[in-house]
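Residue numbers (UniProt numbering), protein chains in the order written: chain A, 1 to 882; chain B, 1 to 882.
There are 2 protein chains.
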Amino acid sequence: MSVVQWVYEYEQGNASMKSLLGGKGANLAQMWNIGLPVPPGFILTTEACKAYWEDRAGLLDAVWPQVRQSMKRMESATGKTFGGKENPLLVSVRSGAPVSMPGMMDTILNLGLNGDTVEALAAASGDERFALDSYRRFIQMYSDVVLELEHGDFEFCLAQAKKEQGCRHDHELSPEMLRKLVGQYLQMVQSKGKVFPEDPWEQLRLAIEAVFRSWNTPRAVTYRQIQRIPDDLGTAVSVVSMVYGNLGNDCGTGVCFTRNPATGERELFGEFLLNAQGEDVVAGIRTPRPIQELKADMPEVHGELLRLTSLLEQHYKDMQDIEFTVERGKLYLLQTRNGKRTAKAAVRVAVDMVRENLIPKDEAVRRVTPENVEQLLHPQLDPNLPMNVLARGLPASPGAAVGKVVFQADEAEKLGRSGEAVILVRPETTPDDIHGLFAAQGVLTSHGGMTSHAAVVARGLGKPCVSGCEALDIDLQRETIRVGDRIIRKHEILTLDGSRGLVVLGSLPLIQPSFTDDFRELLSFADEIAALEVWANGDTPEDAKRAREFGARGIGLCRTEHMFMQAERLPVMQEMVAATDREERVAALNRLKVMQKDDFLGIFEAMQGFPVTVRLLDPPLHEFLPKVPELQGRIAELEKKGQGDAPEAEHLRRLARKAESLRESNPMLGFRGCRLGIIYPEIYEMQVEAIFEAAGELVARGVSVHPDIMMPLVGTLEEMKRLRAMVGEIAEREEKRTGVRVPYLVGTMIELPRAALVAGQLAQEAEFFSFGTNDLTQTTFGYSRDDAEGKFLAEYVRLHVLPENPFHVLDRDGVGRLLEIAVQDGRGTRPAIQIGICGEHGGNPSSIAFCHKLGLKYVSCSPFRVPVARLSAALSVLGLLS
Amino acid sequence: MSVVQWVYEYEQGNASMKSLLGGKGANLAQMWNIGLPVPPGFILTTEACKAYWEDRAGLLDAVWPQVRQSMKRMESATGKTFGGKENPLLVSVRSGAPVSMPGMMDTILNLGLNGDTVEALAAASGDERFALDSYRRFIQMYSDVVLELEHGDFEFCLAQAKKEQGCRHDHELSPEMLRKLVGQYLQMVQSKGKVFPEDPWEQLRLAIEAVFRSWNTPRAVTYRQIQRIPDDLGTAVSVVSMVYGNLGNDCGTGVCFTRNPATGERELFGEFLLNAQGEDVVAGIRTPRPIQELKADMPEVHGELLRLTSLLEQHYKDMQDIEFTVERGKLYLLQTRNGKRTAKAAVRVAVDMVRENLIPKDEAVRRVTPENVEQLLHPQLDPNLPMNVLARGLPASPGAAVGKVVFQADEAEKLGRSGEAVILVRPETTPDDIHGLFAAQGVLTSHGGMTSHAAVVARGLGKPCVSGCEALDIDLQRETIRVGDRIIRKHEILTLDGSRGLVVLGSLPLIQPSFTDDFRELLSFADEIAALEVWANGDTPEDAKRAREFGARGIGLCRTEHMFMQAERLPVMQEMVAATDREERVAALNRLKVMQKDDFLGIFEAMQGFPVTVRLLDPPLHEFLPKVPELQGRIAELEKKGQGDAPEAEHLRRLARKAESLRESNPMLGFRGCRLGIIYPEIYEMQVEAIFEAAGELVARGVSVHPDIMMPLVGTLEEMKRLRAMVGEIAEREEKRTGVRVPYLVGTMIELPRAALVAGQLAQEAEFFSFGTNDLTQTTFGYSRDDAEGKFLAEYVRLHVLPENPFHVLDRDGVGRLLEIAVQDGRGTRPAIQIGICGEHGGNPSSIAFCHKLGLKYVSCSPFRVPVARLSAALSVLGLLS
């Protein structure tokens with residue numbers, strides 16, 4: 001056995017050797033080898049673990065000389081002595097399998113401490129409490145994982161100690177009390193029949209064995225079974241020298257990013273504390289200082305950090321997030337990883353790295369997620385707005401939010417679920433508050449920095465966060481915030497500006513963010529990759545302009561009914577609806593036509609060169625009338641005034657009669673869509689005339705216009721045949737009248753199961769299909785969206801009867817199968833048929849990936865979601881969405 | 001050419017020689033050859049026609065000697081002489097192609113008449129008017145079709161003559177006027193430059209040529225093109241001697257059936273008139289006498305008819321409908337065909353013929369249509385009911401009807417369409433009235449017999465008809481009926497009993513007919529053939545009993561909610577619905593369970609040995625509450641009485657609040673079906689417990705019970721999984737408790753498009769599928785049945801946008817495709833899965849044929865439609881339904 005190399009030095013490893021050195025070990029080796037100042041250490045291989053299980057004692061004996069040799073190297077590299085009484089070398093011992101695997105022994109810190117070395121550590125750090133606390137923790141951890149004693153017994157002693165001293169937190173325990181506790185701990189170990197090894201070498205040997213042993217704990221074995229991880233991989237063991245940032249003012253600790261994770265700017269960004277340990281920064285107990293100030297305190301360390309920035313990015317090709325410790329002036333990197341970043345930063349970093357020739361364009365696109373893009377489109381406060389700032393904190397996560405003050409995560413969740421906007425306010429947050437953060441519009445904490453729990457989570461969720469707002473005195477019992485002499489109570493309204501760290505009393509208006517050039521550039525990379533086009537749904541010239549601005553290449557759904565809902569038009573529409581014969585109806589329609597034509601002129605002009613899909617009138621006619629009880633109320637009022645015979649009252653009665661006759665028990669499945677156009681042909685004729693008159697005028701003026709005329713709610717070939725013939729006749733008539741030829745298509749929504757099932761027939765007449773997946777989801781599931789979403793559907797998602805809300809994420813098994821049938825059969829009849837989707841799913845990344853797989857021509861979504869869709873279309877090609 | 005045989009005698013032909021002798025010719029030959037007394041005649045072959053078109057003059061020359069020879073035979077057979085001045089032989093000349101083909105020359109009657117023979121005919125018949133009128137008609141017809149003169153010119157002369165004589169009808173013209181008219185006709189022929197042949201042989205030769213010529217008229221050519229009939233078939237020509245039933249009192253004419261076409265009884269059934277022509281019977285101008293009376297007037301003829309009955313049925317294997325004429329004591333059959341019959345007769349005749357060994361069982365089943373069966377289940381009057389009979393007419397079509405009196409077919413259609421029951425009252429009906437007959441519940445005429453237009457059509461439609469009710473004086477102008485001194489006006493209510501020929505003023509209750517033994521036997525033949533089982537939908541023990549009576553082999557849909565709608569149960573149900581927590585709900589449910597268990601005991605016992613498919617609660621809960629406005633009204637009333645604080649008011653307010661909170665904009669797509677069972681598990685648990693408790697008790701008593709527990713509105717595998725697990729747990733618990741094992745299945749309705757699309761998944765958990773095609777049609781088309789049927793859907797059918805109402809006839813392209821998918825995928829997962837249909841389509845013949853094609857196990861329909869479904873299932877196997 002003695003010829004085998006069981007122990008590897010960093011120099012002998014690299015990132016590709018995970019199966020031999022484990023994930024952690026391989027990474028440490030890699031960092032070392034690219035020149036990063038990693039604390040000295042070495043790795044026992046997975047082969048050693050496997051050998052251990054064949055011959056325990058034999059392996060340990062064979063390994064030991066190699067461990068001792070590597071420890072010697074570590075002593076010389078650190079200038080410390082393992083078990084030394086002056087400058088003791090302490091180490092961490094960690095397990096590290098080739099794949100991440102919970103259930104094994106994780107970490108023992110501060111190994112090497114005993115009655116002697118603890119005094120040496122106290123002397124070296126000048127902090128007796130720190131040294132004793134480290135010792136206490138070491139004994140506790142070691143007794144648990146190596147000696148396999150009950151964890152709870154130690155916790156009980158600890159609690160007793162705090163009670164005795166009358167304090168609440170561990171860190172408040174006095175050195176005296178800690179010393180007493182250490183004694184109790186050691187006594188307890190003895191009383192359980194175990195021996196706590198005083199000899200650091202014995203400590204080390206037993207710890208290594210414990211790691212090997214932990215490979216086969218029941219938890220680890222079960223985990224491997226479930227995850228189908230082979231049992232013979234084995235785990236490596238890394239032994240790394242401890243470094244301390246709290247041994248004096250030439251020490252410190254910090255975290256920093258190679259670029260600004262909020263804006264993406266290329267600058268060192270982070271925080272540090274002098275004479276502190278890493279956990280002091282993360283826990284938010286002391287508020288750390290900006291990394292820039294390090295330059296004054298430790299110019300060499302700061303310079304070294306700047307040097308490392310470029311080294312790291314050259315190597316990892318991405319922005320890095322590093323943890324560092326300075327021990328007596330010497331910088332150590334404890335960890336480096338790709339840095340979490342805001343959406344804005346993600347885009348900026350990706351685009352900058354393309355410019356810096358660090359990465360190619362498709363890699364830039366891979367670096368940005370659809371969630372990033374959504375965050376970029378989050379609301380902001382107008383920076384020029386005069387505002388009464390209540391307090392200032394750290395700008396921990398960008399964007400702005402308005403909501404009711406809430407102090408408990410549970411309440412945030414409850415109110416949030418019922419649709420209320422809330423701001424979660426806490427001194428600091430913990431993982432227990434996650435559900436509240438999820439439900440809240442924004443988060444406000446009085447403690448913690450840019451890397452505190454609240455800040456990190458909020459950035460991940462794309463929600464605004466103001467952290468470390470120390471002017472706030474938060475009383476969780478009374479549920480109040482005191483700011484100076486001002487008291488803010490639960491449910492008062494606050495506005496947060498997470499981009500600038502501002503807290504404002506009351507509600508301020510939010511504005512949509514504008515498109516940055518970086519963002520535009522990134523999306524242009526995406527467009528180069530994407531197969532799907534992205535179109536937008538829009539009903540007005542303003543919508544059309546916004547759609548173009550966001551890069552939409554067409555209008556996939558222009559809902560003509562919205563045009564009739566405008567105040568000055570509604571009365572004419574109501575006349576049309578209440579008409580008792582064709583003549584009355586036509587008279588009202590002629591007036592509406594003038595208005596519709598105007599709308600079309602505006603939209604067609606805004607979209608010139610791009611197709612505009614105009615959907616003819618869709619909703620049931622009663623939607624244009626006031627509700628019957630409202631009409632009855634107004635009539636009763638007039639009667640009360642003695643004006644029961646006035647023309648106004650007569651008019652209202654007529655509307656009421658009509659509304660009554662149009663009433664339906666299930667309007668979703670009623671007299672709407674093309675059924676209107678078939679039974680009252682004059683309505684659709686008016687709309688088609690308005691389209692061709694508008695388009696004709698623009699074509700005559702040299703504007704390129706492409707109307708796609710879309711029939712809603714078609715379910716049968718016969719409907720499609722008649723409606724197409726109607727459009728053809730009007731188009732021909734207009735061309736004869738004006739001499740202008742307008743290029744156009746006639747097609748249909750596929751929004752009924754039957755339309756999908758007979759798509760092969762419909763394609764005989766339809767030149768395009770547009771999937772209306774909102775309605776299609778309603779009829780396929782038999783869910784009325786209006787009724788279900790707030791009621792049983794929410795419950796269904798909560799109870800996991802449904803994995804997701806099918807109105808948000810396209811249901812592939814059901815609705816998706818209909819889409820597949822329609823695409824296949826439609827193309828069978830008309831190979832070149834244009835097919836897209838215009839339901840809200842057109843803006844949902846997973847649904848877009850499905851549309852990409854179906855080979856659709858385009859997805860159409862709300863203008864604000866166009867950027868998300870453009871990116872998602874590219875990610876679908878890259879296989880990052882499925 | 002002379003060697004070819006162009007002319008065939010009857011003896012030389014038979015029914016299989018249609019291509020040579022034409023359809024008519026072949027049938028005449030067949031009748032002759034089985035010994036029927038057909039008037040002598042012969043046939044020119046289709047080959048002659050083809051040869052004519054190759055060499056016109058040549059063919060006619062070649063044919064002529066053969067024609068003359070056959071005419072000689074005819075003279076000797078009839079004892080008459082062609083062109084003879086005493087007993088002239090007259091003939092009819094008809095075209096007859098191998099396939100029925102309009103557009104050719106049809107018929108010339110009375111050929112052989114001229115100035116001399118007409119006098120001979122007058123002398124022989126003793127009826128100068130008849131002879132002259134026959135001559136007039138012959139000239140007019142011959143001039144039109146042979147000489148190709150304008151038909152209108154003759155009609156003009158005829159009208160002038162009537163005007164001159166001051167009469168309205170043709171038959172009122174005097175012999176003098178007819179003689180004058182004949183002169184005018186002949187003069188007109190001459191003035192047009194044509195010669196009307198006096199010589200009968202010349203008449204015959206030209207008529208035969210005209211038939212050949214008519215093969216290529218533009219109308220005939222176009223018809224062949226459209227129908228894809230080859231141009232080279234040619235037409236045959238039949239020449240048959242005329243016989244007259246109006247040459248004296250030893251003459252007569254009549255129609256008769258070999259069995260009673262109303263009841264199917266084996267008896268000669270028909271009508272005759274002495275000294276009359278066939279058209280007198282059909283036109284309803286004289287009311288004919290029952291065939292039984294012929295025995296007294298013409299015993300030999302009557303005997304001969306009886307002899308022929310058996311001859312005909314032995315040969316044709318079906319009830320025959322014959323036209324006969326007696327000329328001077330000699331009986332001739334002019335036509336025989338399968339007789340139209342009532343449903344009752346169809347069944348009786350079919351079953352009798354099986355008993356008589358005339359036909360096999362499957363042929364009996366073929367002879368009855370689903371429409372027949374529907375008619376058999378039509379309403380009847382209680383024969384024991386005392387009634388005030390207004391008038392008696394002929395029992396022309398069985399069944400009874402109640403409706404408003406209407407005199408115009410248009411009005412009948414209008415009212416009928418708006419859902420009103422009407423009785424169409426006419427002196428007699430014509431084909432112009434068909435739409436009115438369609439729309440009416442029944443028909444009443446003052447003239448015409450059992451074979452009049454009204455009677456024949458009504459029988460075909462399965463509607464009651466009373467014809468020849470001569471006591472009625474119908475004034476179409478004033479729209480009144482006078483009966484004696486009684487006046488009945490438009491829109492008064494009448495009741496008709498078409499089975500007994502009764503007319504009753506006012507509305508009488510109608511009762512359902514009972515099942516005859518014949519009917520039962522026929523359906524048992526059907527069951528032997530059918531592959532599909534027929535089950536029934538039924539919610540009560542009474543339904544179950546009726547279902548068994550009609551032959552259902554299971555309950556395919558037992559709707560448990562109907563049990564809760566009963567007066568004494570509804571309040572408990574309302575308590576359950578209005579419950580604010582689980583405990584309240586469970587308390588009410590426990591009380592409901594006792595009631596449900598009782599229901600199940602009754603149904604299971606009635607269906608013992610057969611499966612009972614119990615559907616758990618389906619409708620939205622608000623259906624069990626009064627409507628909100630009603631509740632508000634009742635609350636307001638109590639408040640007015642000063643009882644606003646009474647417990648009653650409080651209770652109503654609670655119901656109103658609940659009703660308000662349960663209100664949905666599209667309840668069809670809302671919180672119903674298994675969604676209730678998932679969100680409030682205690683509801684379904686109660687129902688399943690009631691099922692198992694009831695079934696367990698019966699099993700313990702030795703009753704064979706097979707509950708199939710059906711989940712409504714399932715759309716996802718997860719729903720099915722949870723609900724199946726719930727049933728399994730309860731079944732196990734009950735078995736443990738009682739020690740009794742109940743065999744059961746758990747399955748699902750397939751009534752949502754998604755259920756069909758993921759049927760492969762559902763079959764993992766579901767042991768049976770039942771297609772709920774009512775709801776499936778609603779969601780597949782996006783039609784709310786409640787809203788659509790009275791509104792746009794009726795319009796859609798009227799405008800032919802839809803070929804049929806898809807709630808009546810299953811839509812194969814859309815809904816049917818979903819069924820195919822579900823069957824295929826369901827069997828893919830679970831090959832033995834039990835699949836049936838329980839929507840209303842389960843009782844529709846065409847839909848049943850589709851279910852047969854899909855290979856379903858059963859169709860389930862309302863008990864009253866079970867017989868229709870049993871027959872349809874058999875006809876599907878026989879390929880008679882598709």
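Every residue gets a Cβ at the ideal spot worked out from N, C-alpha and C, and that includes glycine.
- Taken through DSSP and simplified to helix, strand or coil, Lys330/B comes out as strand.
- Taking 8 Å as the upper bound on Cβ-Cβ separation, chain A lies near residues Asp775, Gln778, Thr779, Thr780, Phe781, Gly782, Tyr783, Ser784, Asp786, Asp787, Ala788, Lys791, Phe792, Glu795, Tyr796, Leu799, His800, Val801, Leu802 of the stretch 774–807 of chain B.
- With respect to chain A, the C-beta atom of Val389/B has no partner C-beta closer than 9 Å.
- In the three-state reduction of the DSSP assignment, Arg615/A falls in the strand class, which pools E and B.
- Per the coordinates, the alpha-carbon of Leu186/A lies some 16 Å from the alpha-carbon of Gln160/A.
- Rounded to whole angstroms, the separation of the alpha carbons of Leu204/A and Asp116/A is 16 Å.
- Neighbours of Glu718/B in chain A, taken as residues whose beta carbon is under 8 Å from its own, are His800, Val801, Leu802 in chain order.
- DSSP links Cys465/B through a beta bridge to Ser397/B, Val443/B.
- Ile679/B belongs to the set of residues whose beta carbon lies under 9 Å from a beta carbon in chain A.
- When the Cα atoms are used, Ile691/A and Thr780/B turn out to be separated by approximately 31 Å.
- At a Cβ-Cβ threshold of 9 Å, Asp527/A and Gly556/A do not count as neighbours.
- Any Cβ of chain A closer than 9 Å to the Cβ of Gly670/B would place that residue at the interface, and such an atom is present.
- Under the Cβ criterion of 9 Å, Asp618/B is not counted among the residues facing chain A.
- Listed by position along chain A, the residues whose Cβ is nearer than 9 Å to that of Ser665/B are Asn666, Pro667, Met668, Ser784, Asp786, Asp787.
- Among the residues of the stretch 196–227 of chain B, none has a Cβ less than 7 Å away from any Cβ of chain A.
- The beta-carbon of Gly715/B is placed less than 9 Å from the nearest beta-carbon of chain A.
- Ranked by Cα distance from Val211/A, the first of Arg559/A, Ile493/A, Cys49/A is Cys49/A.
- Going by DSSP, Ala766/B is part of no beta strand (DSSP E) at all; its letter is neither H nor E.
- According to DSSP, Ile481/B shares a beta bridge with Ile474/B, Ile488/B.
- Here the alpha carbons of Glu479/A and Ile679/B stand approximately 35 Å from one another.
- Residue pairing for Asp708/A: DSSP places it in a beta bridge opposite Thr613/A, Leu745/A.
- For Gln574/A, the closest C-alpha among the options Gly264/A, Arg657/A, Ser665/A is that of Arg657/A.
- Chain order gives the chain B residues near Arg754/A as Thr780, Phe781, Gly814, where near means a beta carbon separation below 7 Å.
- Asp475/B is positioned such that its CB atom lies no closer than 9 Å to that of Arg486/B.
- By the criterion of a C-beta distance shorter than 7 Å, Arg672/A is surrounded in its chain by Asp618, Pro619, Pro620, Leu713, once the five residues flanking it on both sides are discounted.
- Nearest CB-CB separation between Glu751/A and chain B: below the 9 Å threshold.
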